[in-house]
Amino acid sequence: MANAIEINNLTKYYGKARGIENVTFNVEEGEIFGFIGPNGAGKSTTIRTILALIYPTSGEAKIFGMDCIKHAPEIAKRVGYLPSEVFYYDGMKVKDLLNYSASFYKKDCKKRIQELSELMDLDLNKKIDDLSYGNKKKVGIVQGLLHSPDLIILDEPTSGLDPLMQQTFFDLLEAENKRGATVLMSSHILGEVQRLCSRVAIIKDGTIIKLEKISTLQEDSYKRIKFETNDNIPQDYFAISGVNDLKAEGKTHSFIYKGDINVMTAKLSALKLTNLWVDEPDLEEIFMHYYSKEA
Amino acid sequence: MNIYKHELQANIKTTLIWIFSLSSIAAVMMAFYPMFKNDTATFIKLLDNIPSYMKSMLGFNVLSFTTSVGYYSFAFIYSVLFGAIQAMNLGIGIISKEERERTADFILTKPVSRGKILTSKLLAVLTIFIVTNIVYSAVSFLIVKSMTDGSFAARKFVLINASLFFSQLIFFSIGLVVSVTAKKIKAVLPVSLGLVFAFYAISAFAVTSKSDKLRYITPFQYFKTDYILMNSKYETVFVVISAAIVIAGIAASYILFKRRDIHSV
Numbered sequence: 000m001a002n003a004i005e006i007n008n009l010t011k012y013y014g015k016a017r018g019i020e021n022v023t024f025n026v027e028e029g030e031i032f033g034f035i036g037p038n039g040a041g042k043s044t045t046i047r048t049i050l051a052l053i054y055p056t057s058g059e060a061k062i063f064g065m066d067c068i069k070h071a072p073e074i075a076k077r078v079g080y081l082p083s084e085v086f087y088y089d090g091m092k093v094k095d096l097l098n099y100s101a102s103f104y105k106k107d108c109k110k111r112i113q114e115l116s117e118l119m120d121l122d123l124n125k126k127i128d129d130l131s132y133g134n135k136k137k138v139g140i141v142q143g144l145l146h147s148p149d150l151i152i153l154d155e156p157t158s159g160l161d162p163l164m165q166q167t168f169f170d171l172l173e174a175e176n177k178r179g180a181t182v183l184m185s186s187h188i189l190g191e192v193q194r195l196c197s198r199v200a201i202i203k204d205g206t207i208i209k210l211e212k213i214s215t216l217q218e219d220s221y222k223r224i225k226f227e228t229n230d231n232i233p234q235d236y237f238a239i240s241g242v243n244d245l246k247a248e249g250k251t252h253s254f255i256y257k258g259d260i261n262v263m264t265a266k267l268s269a270l271k272l273t274n275l276w277v278d279e280p281d282l283e284e285i286f287m288h289y290y291s292k293e294a
Numbered sequence: 000m001n002i003y004k005h006e007l008q009a010n011i012k013t014t015l016i017w018i019f020s021l022s023s024i025a026a027v028m029m030a031f032y033p034m035f036k037n038d039t040a041t042f043i044k045l046l047d048n049i050p051s052y053m054k055s056m057l058g059f060n061v062l063s064f065t066t067s068v069g070y071y072s073f074a075f076i077y078s079v080l081f082g083a084i085q086a087m088n089l090g091i092g093i094i095s096k097e098e099r100e101r102t103a104d105f106i107l108t109k110p111v112s113r114g115k116i117l118t119s120k121l122l123a124v125l126t127i128f129i130v131t132n133i134v135y136s137a138v139s140f141l142i143v144k145s146m147t148d149g150s151f152a153a154r155k156f157v158l159i160n161a162s163l164f165f166s167q168l169i170f171f172s173i174g175l176v177v178s179v180t181a182k183k184i185k186a187v188l189p190v191s192l193g194l195v196f197a198f199y200a201i202s203a204f205a206v207t208s209k210s211d212k213l214r215y216i217t218p219f220q221y222f223k224t225d226y227i228l229m230n231s232k233y234e235t236v237f238v239v240i241s242a243a244i245v246i247a248g249i250a251a252s253y254i255l256f257k258r259r260d261i262h263s264v
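As you go down the protein sequences, you meet chains A and B in turn. Using numbering that gives the first Met the number 0, the letters of the first sequence map in sequence onto residues 0 to 294. Using numbering that gives the first Met the number 0, the letters of the second sequence map in sequence onto residues 0 to 264.
Laid out in structure tokens, this is it:
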């Protein structure tokens, strides 16, 4: 499978302040790739660098085999971008803005504009200034998709959309993906990444700390274990490798475990339990674990 | 072409207001001409009582009030001042507004190079200046001509008016460089007015000071109307300096804008 995006040791410093360091990952053609991390971790810096909005200090990124900086205009023909905050020119009507956007691409986008705005329930004749935040976001979505791009890059796409619209938007992204478009989306909301993406890169403090398939990340024998007991457990009782995020509140104890399940059951069977829960942790918890472990 | 058209549309209202203001200034200033003409002697006497720095601040250093074009050359100083503000606003605003209004993400992720974006914007600004100057020249010509009895110094008039256009190019280039050098410009007007009035103050100071050197650092002194009235031409050295500033300013802007990091909100 060819790569839509190849990022190699991409580093960006703002003066002396760290933006990102040695970010390396690939996004394969046709996949929906998630890029998650807390605010300020470097998601936007990475995305803005591959879009040539900012220039890397070192390293390089390629989109469709072309250098992101040198061939930015060429690449832009095939890329649709939705920034995290959408702001548009004062006094323009929605359709004027969309037509202006379409005028940059050498193809007829009229039909697609119509389709997309109907789907997103967007009034083309309103002035953008008069729109609510959510509706402005919709303008951004239509603007990013109207030229049927091969690569869709979204920076925190769902903030400001109501849940129903979010659903429509996700369906739309999945349809675009089926059509053949590759999607790179950044988010700090793990649920949406979990729902849409096949692979995910986790970024923290400017460095990629994990690159994994969503399925592996979820399965990877991570268990959230919670139990109740009347026994007093020695503090170091669970001091074995693989146990993280250990919490005790009264009788209830919980932690995330990754490792040989038999070791754990042996440990647990030695206790006198009154209740026991073993769950798949959601991505949020795994993520919190990566996040807190490094902190 | 689409960016050029977009810029013109975005600027049409302000441009019309500027054209109206510039023309009005010339009209209002010229409205006092008959008074000066009829009583030149008294007026010159009156002027002697005003301190010289005050005179230069107000532009009263020109004492050719007896002819219409001569008087116009005095009135013209205010047109240049306004024209400079218009040009400086455009210079500082044309690029920085995209970042301030956060539309830079939109335009810079389109399939068009930064060089082309800047070129389109520059052409739009040039168009704005040309239209402004054509209308202003026509209006001021009609006014001054109608007040002229006897011969009309056409060449001097054209040279004076053309200097508005050149001055605008200079102020625009300076503004453009400032905007691509500055990390962030929060509002155009304070920066623009600050710069223009600083240059204007230096200009007034240059007139009163004995040293000629100050003239070089303020564009308000590059096309001196009293020189034009006397010689019917521009001072070559300042024409060269003007051209150098415009060329260097625009070249620097291309280089800096192409390298500029566009930060998110």
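We put the CB at the ideal spot given by N, CA and C, even for glycine.
Practice task
Going by CA-CA distance only, name the one from Glu117(A), Asp149(A), Pro148(A) that's closest to Val138(A).
Solution key: Stepping through the first sequence from its first residue, residue 138(A) is reached at position 139. Here the closest residue by C-alpha is Glu117(A).
Problem - Helix, strand or coil at Lys257(B) according to DSSP, with G and I counted as helix - result: Numbered from its first residue, the second sequence carries residue 257(B) at position 258. Helix at Lys257(B).
Practice task
Measuring only between beta-carbons, confirm whether Phe256(B) sits less than 9 angstroms from chain A.
Solution key: As a first step, residue 256(B) must be located in the second sequence, where it is residue number 257. No, its Cβ sits nowhere closer than 9 angstroms to a Cβ of chain A.
Problem - Nearest-angstrom Cβ-Cβ length linking Val141(A) and Leu121(A), presumed shorter than 8 angstroms - result: In the first sequence, residue 141(A) corresponds to position 142, counting from 1. In the first sequence, residue 121(A) corresponds to position 122, counting from 1. The Cβ separation is near 6 angstroms, so the contact holds.
Handout entry: Contact with chain A by Ile261(B), beta-carbon distance below 9 angstroms
Key = Residue 261(B) sits at position 262 when you count from the first residue of the second sequence. Output row for Ile261(B): interface = yes.
Exercise for the section: Please state whether DSSP places Phe170(B) in a helix, a strand or coil. Expected result: Mapped onto the second sequence, residue 170(B) falls at position 171. Correct three-state label for Phe170(B): helix.
Handout entry: Sequence-distant residues of the same chain with beta carbon closer than 7 angstroms to Glu293(A), five excluded per side
Key = Numbered from its first residue, the first sequence carries residue 293(A) at position 294. In this prediction, Glu293(A) scores a pLDDT of 49, lower than 50, which makes its location untrustworthy; the coordinate-derived value is nonetheless stated afterwards. The residues are Lys203, Ile208.
Problem - Proximity of Leu195(A) and Ile31(A) at Cβ, strictly below 9 angstroms - result: Your numbering for residue 195(A) matches position 196 in the first sequence. Your numbering for residue 31(A) matches position 32 in the first sequence. Result yes, Cβ atoms of Leu195(A) and Ile31(A) sit closer than 9 angstroms.
Practice task
Would you mind sorting Asp107(A) into buried or exposed? The rule is 16 or more other CB atoms within 10 Å of its CB.
Solution key: Taking the first residue of the first sequence as 1, we reach residue 107(A) at position 108. That one is exposed.
Handout entry: Terminal residues of the beta strand (DSSP E) in which Ala16(A) lies
Key = Here the question's residue 16(A) lines up with position 17 in the first sequence. Element bounds for Ala16(A): 16-27.
Exercise for the section: Return no unless some Cβ of chain B is closer than 9 angstroms to the Cβ of Val141(A). Expected result: Position 142 of the first sequence holds residue 141(A). Val141(A) does not count as touching chain B.
Problem - Span of the beta strand (DSSP E) around Gly58(A) - result: Residue numbering aside, residue 58(A) sits at position 59 when the first sequence is read from its first letter. 57-62 is the span of the beta strand (DSSP E), which, as asked, contains Gly58(A).
Handout entry: 9 angstroms Cβ cutoff met for Met184(A) and Ile152(A)
Key = Within the first sequence, the letter at position 185 stands for residue 184(A). Within the first sequence, the letter at position 153 stands for residue 152(A). In this structure, Ile152(A) lies closer than 9 angstroms to Met184(A) by Cβ.
Practice task
Answer yes or no: do Thr65(B) and Thr41(B) have a C-beta to C-beta separation smaller than 9 angstroms?
Solution key: Here the question's residue 65(B) lines up with position 66 in the second sequence. Here the question's residue 41(B) lines up with position 42 in the second sequence. When the beta-carbon positions are compared, Thr65(B) and Thr41(B) stay at least 9 angstroms from each other.
Exercise for the section: Could you tell me if Gln303(A) is buried or exposed, where buried requires 16 or more neighbouring beta carbons within 10 angstroms of its beta carbon? Expected result: This structure does not reach residue 303(A), given that chain A is present from 0 up to 294, and the question cannot be answered.
Handout entry: Closer than 7 angstroms at the beta carbon, the chain B residues around Tyr311(A)
Key = Here chain A has residues from 0 to 294 only, and residue 311(A) is not among them.
Problem - Contacting positions in the region 43-56 of chain A - beta carbon closer than 7 angstroms to chain B - result: For the region 43-56 of chain A, which is checked against every Cβ of chain B, the residues closer than 7 angstroms are Ser43, Arg47, Leu50, Leu52, Ile53, Tyr54.
Practice task
Could you tell me which residues DSSP pairs with Lys209(A) in its beta bridges?
Solution key: Your numbering for residue 209(A) matches position 210 in the first sequence. According to DSSP, Lys209(A) bridges with Ile201(A).
Handout entry: Buried or exposed by the 16-neighbour rule on C-beta atoms within 10 Å, applied to Thr215(A)
Key = Indexing the first sequence from 1 puts residue 215(A) at position 216. Exposed, since its Cβ has fewer than 16 Cβ neighbours within 10 Å.
Exercise for the section: Please confirm if Ser145(B) has its CB atom under 9 angstroms from at least one CB of chain A. Expected result: Counting from one through the second sequence, the residue named residue 145(B) turns up at place 146. Closer than 9 angstroms: no.
Practice task
List the residues of chain B whose Cβ lies closer than 9 angstroms to the Cβ of Glu175(A), in chain order.
Solution key: Along the first sequence, read from residue 1 onward, the residue named residue 175(A) stands at position 176. None at all; the shortest Cβ gap to chain B is about 17 angstroms.
Practice task
Only counting runs of 4 or more residues, tell me where the alpha helix (DSSP H) segments fall wholly within the region 111-166 of chain A, in order along the chain.
Solution key: For the region 111-166 of chain A, whole alpha helix (DSSP H) runs of length 4 or above, ordered along the chain, are 132-144.
Problem - Proximity winner among Ile246(B), Ala203(B), Ala242(B), relative to Lys223(B) (alpha-carbon distances) - result: Within the second sequence, the letter at position 224 stands for residue 223(B). That would be Ala203(B), whose Cα lies nearest to the Cα of Lys223(B).
Exercise for the section: Mind checking which residues open and close the alpha helix (DSSP H) that includes His5(B)? Expected result: On the second sequence, position 6 is the one that residue 5(B) refers to. Counting along the chain, the alpha helix (DSSP H) containing His5(B) begins and ends at 1-30.
Exercise for the section: Could you tell me the distance, in whole angstroms, from the CA atom of Ser102(A) to the CA atom of Tyr87(A)? Expected result: Within the first sequence, residue 102(A) is the residue found at index 103, counting from 1. Within the first sequence, residue 87(A) is the residue found at index 88, counting from 1. Each residue's Cα considered, the two are about 16 angstroms apart.
Problem - Phe237(B) - DSSP class collapsed to helix/strand/coil - result: Stepping through the second sequence from its first residue, residue 237(B) is reached at position 238. In the structure shown, Phe237(B) sits in a helix (DSSP, three-state: H, G or I).
Exercise for the section: Count the C-beta pairs between the region 250-263 of chain B and the region 103-117 of chain B that are closer than 8 angstroms, then say yes if the count reaches three, no if not. Expected result: yes
Problem - Assigned exposure category for Arg214(B) - 16 Cβ within 10 Å defines buried - result: Reading the second sequence from its first residue, position 215 is the one you call residue 214(B). Burial call: buried.
Exercise for the section: Count the CB pairs spanning the region 164-183 of chain B and the region 236-246 of chain B that are closer than 8 angstroms, and state whether there are at least three. Expected result: Result yes; three or more Cβ-Cβ pairs closer than 8 angstroms.
Exercise for the section: For chain B, find out if any of its Cβ atoms is closer than 9 angstroms to the Cβ of Glu84(A); answer yes or no. Expected result: What you label residue 84(A) is simply residue 85 of the first sequence in a count that begins at 1. For Glu84(A), the answer is yes, since a Cβ of chain B falls inside 9 angstroms of its Cβ.
Practice task
Return the residue from the list Asn25(A), Ile46(A), Asn7(A) that minimises the CA-CA distance to Glu211(A).
Solution key: If you number the first sequence from 1, residue 211(A) lands on position 212. Answer by Cα proximity: Asn25(A).
Problem - 6 angstroms CB neighbourhood of Ser51(B) in its chain, flanking five on each side removed - result: Here residue 51(B) refers to the residue found at position 52 when the second sequence is read from its first residue. Once the five neighbours on either side are set aside, the close Cβ partners of Ser51(B) are Thr207.
Handout entry: Within chain B, partners of Phe103(A) - CB distance below 8 angstroms
Key = Your numbering for residue 103(A) matches position 104 in the first sequence. Those within 8 angstroms of Phe103(A) in chain B are Asn1, Lys109, Pro110, Val111.
Practice task
Closer than 9 angstroms, Cβ to Cβ, to anything on chain B: give me those residues from the region 68-79 of chain A, in chain order.
Solution key: Ala71, Pro72, Glu73, Ile74, Ala75, Lys76, Arg77, Val78, Gly79
Problem - Residues from the region 92-108 of chain B in contact with chain A, defined by Cβ distance under 8 angstroms - result: Glu100, Arg101, Thr102, Ala103, Asp104, Phe105, Leu107, Thr108
Handout entry: Assigned exposure category for Gly90(B) - 16 Cβ within 10 Å defines buried
Key = What you label residue 90(B) is simply residue 91 of the second sequence in a count that begins at 1. Its Cβ being crowded by 16 or more others within 10 Å, Gly90(B) is buried.
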